[in-house]
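A.B. asks: The structure follows.
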Amino acid sequence: MSENKVDLLFENEIAIVTLNNPPVNALDKVLIDELDKVVKELKMKEGLRAVIITGAGEKAFVAGADISQFPNLNRELGIPFVRKQQMLFQEISDLYCPVICALNGHALGGGLELALACDIRIASVKAKFGVPEVSLGIIPGLGGTQRLPRLITVGYAKKMIFSGEAIDAQEAYRIGLVEKIVEHEHVLKEALKLAEVISKKGPLGVAKAKVTINKGLELNVCEGLLLEANNFGDLCETNDKNEGAVAFFEKRAPEFKGN
Ligand SMILES: C/C=C/C(=O)SCCNC(=O)CCNC(=O)[C@H](O)C(C)(C)COP(=O)(O)OP(=O)(O)OC[C@H]1O[C@@H](n2cnc3c(N)ncnc32)[C@H](O)[C@@H]1OP(=O)(O)O
1 MSENKVDLLF
11 ENEIAIVTLN
21 NPPVNALDKV
31 LIDELDKVVK
41 ELKMKEGLRA
51 VIITGAGEKA
61 FVAGADISQF
71 PNLNRELGIP
81 FVRKQQMLFQ
91 EISDLYCPVI
101 CALNGHALGG
111 GLELALACDI
121 RIASVKAKFG
131 VPEVSLGIIP
141 GLGGTQRLPR
151 LITVGYAKKM
161 IFSGEAIDAQ
171 EAYRIGLVEK
181 IVEHEHVLKE
191 ALKLAEVISK
201 KGPLGVAKAK
211 VTINKGLELN
221 VCEGLLLEAN
231 NFGDLCETND
241 KNEGAVAFFE
251 KRAPEFKGN
């Protein structure tokens, strides 16, 4: 593992981003700056089929923002402190291909908020999940108050945010906070397995599906249906659409070229 706090490697068209800030991968300034550079590189990289974000070490995916920074924050500094990280997480959420969070350990505070900015969450059975910010006299400031109630029920999001209590992986799966839980040592392998399945599908279709779902969540159903129809229409103009149908009738796997 390199000296960096964020490592990036590629397995074919899959990017694997590893956050490495022992002992609990807290989101300190150096890590956030490095993650910002990596995300901007991924935004510009063509042909990516999926991104996996995971943490180094056995204990935590990410244990939150760097609490040691908090005594220095006042309103004037606090707002840009969270805005910089909010915008970074939004860039992750807006990446053109699916982002899978491989939760190798506890996801707390900003760590859970980072996981919420990803599309899909695969968690170690040992991981715990919480937004304990009220225990520090603050609130989740990296998107938790907006994304958590949109993912699980509003009532359960309020229970987690108001109590600051963590839940285990089984409960996280039960309430739909994570999409799969696996043995601790299999988290990255399972994330890679899903990424490989996705990477064999039409990349334009997968990208359009992501943006249609995400944008559609901000629209009413009628507007969302129009968006869906328009994006379906766009895909009808692609060679991939023709390849998909031809491969089906030729009873072979399609070879999508992303055009
Ligand atoms: C807008 C966003 C806001 C936020 O994200 S606020 C932060 C929210 N996160 C938390 O409140 C979680 C805080 N951390 C913990 O609850 C625990 O840690 C863990 C459950 C993750 C692990 O517990 P254990 O195994 O007992 O280890 P340990 O001794 O608590 O921590 C190991 C070292 O890591 C430091 N540390 C832990 N979390 C953070 C953090 N979020 N920011 C800065 N440092 C952190 C500790 O102080 C300690 O350090 P030393 O070994 O020097 O005593």
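Position 73 of the sequence shown, counting from 1, maps to 73 under the UniProt record's numbering, and the rest follow consecutively. The beta-carbon is built from N, C-alpha and C at its ideal position, and this holds for glycine as well.
(1) Could you check if L225 is buried or exposed, using at least 16 other CB atoms within 10 Å of its CB as the buried criterion?
(2) State yes or no: is the C-beta of H184 nearer than 7 Å to some heavy atom of ligand 1?
(3) Please list the segments of the alpha helix (DSSP H) lying wholly inside the stretch 155–198, counting only runs of 4 or more residues, in order along the chain.
(4) Please state if the CB of I100 and the CB of A60 are separated by a distance shorter than 8 Å.
(5) For D66, tell me which candidate among I32, K241 and G137 has the shortest Cα-Cα distance.
(6) Are the CB atoms of G55 and G105 nearer to each other than 8 Å?
(7) Cβ atoms of F81 and G143: under 8 Å apart, would you say?
(8) To which residues of the same chain is V187 closer than 8 Å at the C-beta, ignoring the five residues directly before and after it?
(9) Take the Cβ of N12 as the centre, count every other Cβ of all protein chains shown within 10 Å, and call the residue buried at 16 or more, exposed below.
(10) Would you say the beta carbon of A65 comes nearer than 7 Å to a heavy atom of ligand 1?
(11) Counting Cβ pairs closer than 8 Å, one from the stretch 34–48 and one from the stretch 206–215, do we hit at least three?
(12) Could you check if L136 belongs to the surroundings of ligand 1, using beta carbon to heavy atom distance under 7 Å?
C.D. replies: Quick answer:
(1) L225 is classed as exposed because its beta carbon has fewer than 16 other beta carbons within 10 Å across all chains shown.
(2) Distance from the C-beta of H184 to the nearest heavy atom of ligand 1 is not below 7 Å.
(3) DSSP assignment within the stretch 155–198 yields the following whole alpha helix (DSSP H) runs of 4 residues or more, N-terminal first: 169–174.
(4) No, Cβ-Cβ distance for A60 and I100 is not below 8 Å.
(5) Ranking I32, K241 and G137 by Cα distance to D66 puts I32 first.
(6) Contact: yes.
(7) For G143 and F81, no; Cβs fall outside 8 Å.
(8) In the same chain as V187, and ignoring 5 residues on each side of it, the C-beta atoms closer than 8 Å to its own belong to T54, A102, L103, N104, I122, A123 and S124, in chain order.
(9) The residue is exposed, with fewer than 16 neighbouring Cβ atoms inside 10 Å.
(10) The nearest non-hydrogen atom of ligand 1 is less than 7 Å from the C-beta of A65.
(11) As far as the Cβ criterion goes, the stretch 34–48 does not touch the stretch 206–215, which means the pair count is below three.
(12) Checking every heavy atom of ligand 1 against the Cβ of L136, one is found closer than 7 Å.
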